[in-house]
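All remarks here apply to the structure that follows.
Number of protein chains: 2
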Amino acid sequence: MTLTADQKRRRAQQDYNGGLGLCPARQLLETISSKWVTLVMLALSDGSLRHSELRRQVAGASQKMLTSTLRSLERDGLVSRTVTSSVPVRTDYQLTPVGHSLLDVVYRLKGWAEDNMDDVAHARMAYDRGRLTRVE
Amino acid sequence: MTLTADQKRRRAQQDYNGGLGLCPARQLLETISSKWVTLVMLALSDGSLRHSELRRQVAGASQKMLTSTLRSLERDGLVSRTVTSSVPVRTDYQLTPVGHSLLDVVYRLKGWAEDNMDDVAHARMAYDRGRLTRVE
DNA sequence: CTGTATCCTCTAAGATACTG
DNA sequence: CAGTATCTTAGAGGATACAG
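Taken in order, these protein sequences are the chains called A and B.
FYI, the working numbering numbers position 133 of the first sequence as 256, with every residue one higher than the one before it.
FYI, the working numbering numbers position 127 of the second sequence as 250, with every residue one higher than the one before it.
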C-alpha cells in the first residue's frame with residue numbers, strides 16, 4: 124500500500140496527538156503555560172494561603188480561573204488543599220514538595236528570559252522594521 | 124474615591140494584560156508552549172535543515188503551522204533563514220546561538236518532566252478516582 | 001467564604017486551495 | 001520547492017449569577 128505525502132502527514136498527526144501529545148515534556152509545558160499557574164505557584168512559594176488571600180495576591184484572576192487553576196494544580200499533586208469545615212468555610216492551599224521542585228524549574232525559565240528577552244525584543248523590532256519598509 | 128473589590132479586580136486585570144503580560148518570562152512561556160516550537164528547535168539542534176527536510180522530520184505539522192512556527196522563531200532571532208535563489212528555490216534554517224541557549228533551557232524542562240511526570244500522572248489518577256467514587 | 005453553572009468571546013491550530 | 005490566503009473549529013479564558 125502506498126500513501127501520499129498528505130496521508131502520511133495525517134497519520135503522523137494522529138501519532139502526534141496520541142503519542143507525542145502524551146510526552147511528559149509536552150504535558151509539563153501545557154501545565155505551566157496556563158495563564159495563572161505560575162503566578163499562583165509564586166504566590167504560594169513562601170507558605171500556605173487561603174482562597175481569599177490568593178484572590179487578593181493574584182489580582183487579575185477571575186474567581187473561576189483561580190479556582191480552576193487551583194483544581195488542576197491539586198489534581199497534578201503540585202498543590203494541596205485543606206478545608207476546615209467551620210462557618211464560614213476556610214480553605215488553605217500550599218505547594219507540595221513536587222510543586223516546589225517545579226517552581227525551581229520555573230525560576231530557571233525566568234532566569235533565561237531575563238537574560239535574553241532583550242535580545243529577542245530587539246530581534247523582533249528589527250524583523251518588523253524590515254517587513255514594514257518592504258511593504259510600504 | 125473608593126473602589127469595589129470587583130472594580131479593583133478589573134483594574135488589576137488591565138494591569139496584568141498591559142504589564143505582567145509583557146513580562147519576559149510570560150513571553151518566553153508563550154513562545155515555547157506553541158505547539159511546534161520545541162519540536163522544530165529539536166530538529167534543528169544538530170545542524171541546518173531545508174524546509175522540506177523539516178517538513179519530513181517534524182512530521183505531523185501542517186505546512187501552514189511549520190511555516191508560521193519558523194517565521195515566529197526567525198522573528199525572535201532564535202532561528203536564521205537562508206534563501207538560495209536558484210530554481211527551484213532552496214531555503215535553509217538553523218538555530219542561532221540564542222536559539223541554542225534556549226534549547227538548553229528546554230532540555231531542563233524535559234528533564235524535570237521525565238523525573239516527575241510519573242508522580243503527576245499518579246496524582247491525577249488518584250484525584251480522578253476520588254471524584255468518580257464520590258459522583259457515582 | 002468558597003465555590004459551581006452558564007454563556008460568550010477570541011484566538012491558536014488545522015484543512016484546503018492556490019502562486020512564484 | 002517554498003510559501004501565502006482563506007475558512008473553519010475547538011478550547012482557553014472571561015463575565016455574570018447563583019448556592020452551600
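For glycine and all other residues, C-beta sits at the position ideal for the given N, C-alpha and C.
Remember, it's a predicted structure, so these values are computed and weren't measured experimentally.
Query raised in the report: With 16 other CB atoms within 10 Å as the buried threshold, where does B:L143 fall?
Result: The residue in question, B:L143, is exposed, as its Cβ has fewer than 16 Cβ neighbours within 10 Å.
Query - Whether B:A236 touches A:P147 by CB criterion (7 Å) - result: yes
Query raised in the report: In angstroms, rounded to a whole number, what distance separates the CA positions of A:L226 and B:Q217?
Result: 31 Å
Requested in this report: Look at the alpha carbon of A:R243 and the alpha carbon of B:T192, and state the distance between them as a whole number of angstroms.
Outcome: Looking at the sequence shown, residue 243 of chain A is not Arg but Val. Their Cα atoms are separated by approximately 15 Å.
Query raised in the report: Closest by CA to A:H223, which one among A:R247, A:S203, A:R134 and A:E153?
Result: It is A:S203 whose Cα lies nearest to the Cα of A:H223.
Query raised in the report: So what does DSSP say about B:V206, is it helix, strand or coil?
Result: The three-state reading of DSSP puts B:V206 in strand, counting E and B together.
Report task. Kindly indicate if chain A contains any beta-carbon less than 7 Å away from that of B:W159. Result -> no
Query raised in the report: So which of A:L152, A:G183 and A:Q186 has the shortest CA-CA distance to B:V160?
Result: Of the candidates A:L152, A:G183 and A:Q186, the residue whose Cα lies closest to the Cα of B:V160 is A:L152.
Report task. Please classify A:R252: is it buried, with 16 or more other beta-carbons within 10 angstroms of its beta-carbon, or exposed? Result -> exposed
Query raised in the report: Does the segment 129-138 of chain B come close enough to the segment 181-197 of chain A to have 3 or more Cβ pairs within less than 8 Å?
Result: yes
Query - Exposed unless 16 or more other CB atoms sit within 10 angstroms - verdict on A:L162 - result: buried
Requested in this report: Quick one: list the residues of chain B neighbouring A:K233, beta-carbon separation under 7 Å, in chain order.
Outcome: A148
**Report entry** Own chain residues within Cβ distance below 7 Å of A:R173, not counting five before or after
**Finding:** R213, T214 and D215
Requested in this report: Alpha carbon to alpha carbon, how far is A:R179 from A:T219? Give it in angstroms, no decimals.
Outcome: 21 Å
Report task. Per DSSP, which residues does A:Y216 bridge with? Please list them. Result -> A:L172 and A:R204
**Report entry** chain B residues whose Cβ lies nearer than 9 Å to that of A:V202
**Finding:** Neighbours of A:V202 on chain B: none; closest Cβ ~10 Å, over 9 Å.
Requested in this report: Under the assumption that B:V221 contacts B:L201 (Cβ atoms under 8 Å), give the Cβ distance between them as a whole number of angstroms.
Outcome: 6 Å
Query - Nonlocal neighbours in the same chain, by C-beta distance under 8 Å from B:L189, ignoring five residues either side - result: W159, V163, H174, L177, R178 and V181
Query raised in the report: Hey, does A:M188 have any beta-carbon neighbour from chain B nearer than 7 Å?
Result: no
Query raised in the report: According to DSSP, is B:S191 helix, strand or coil?
Result: helix
Requested in this report: Go to B:L145, then tell me how far its alpha helix (DSSP H) extends in each direction, as first and last residue.
Outcome: Here B:L145 belongs to no alpha helix (DSSP H), and DSSP marks it neither H nor E.
**Report entry** Bounding residues of the alpha helix (DSSP H) (the contiguous stretch that carries A:A182)
**Finding:** Segment: none, A:A182 is in no alpha helix (DSSP H) and carries neither H nor E.
**Report entry** Nonlocal neighbours in the same chain, by C-beta distance under 7 Å from B:L167, ignoring five residues either side
**Finding:** V202, Y216, Q217 and L218
Query raised in the report: DSSP state of A:K158, grouped into three classes?
Result: coil
Query raised in the report: Does DSSP classify B:D199 as helix, strand or coil?
Result: coil
Query raised in the report: What's the gap between the Cα of A:A194 and the Cα of A:D169?
Result: Reading the sequence as shown, one finds Arg at residue 194 of chain A and not Ala. Rounded to whole angstroms, A:R194 to A:D169 spans 20 Å at the Cα level.
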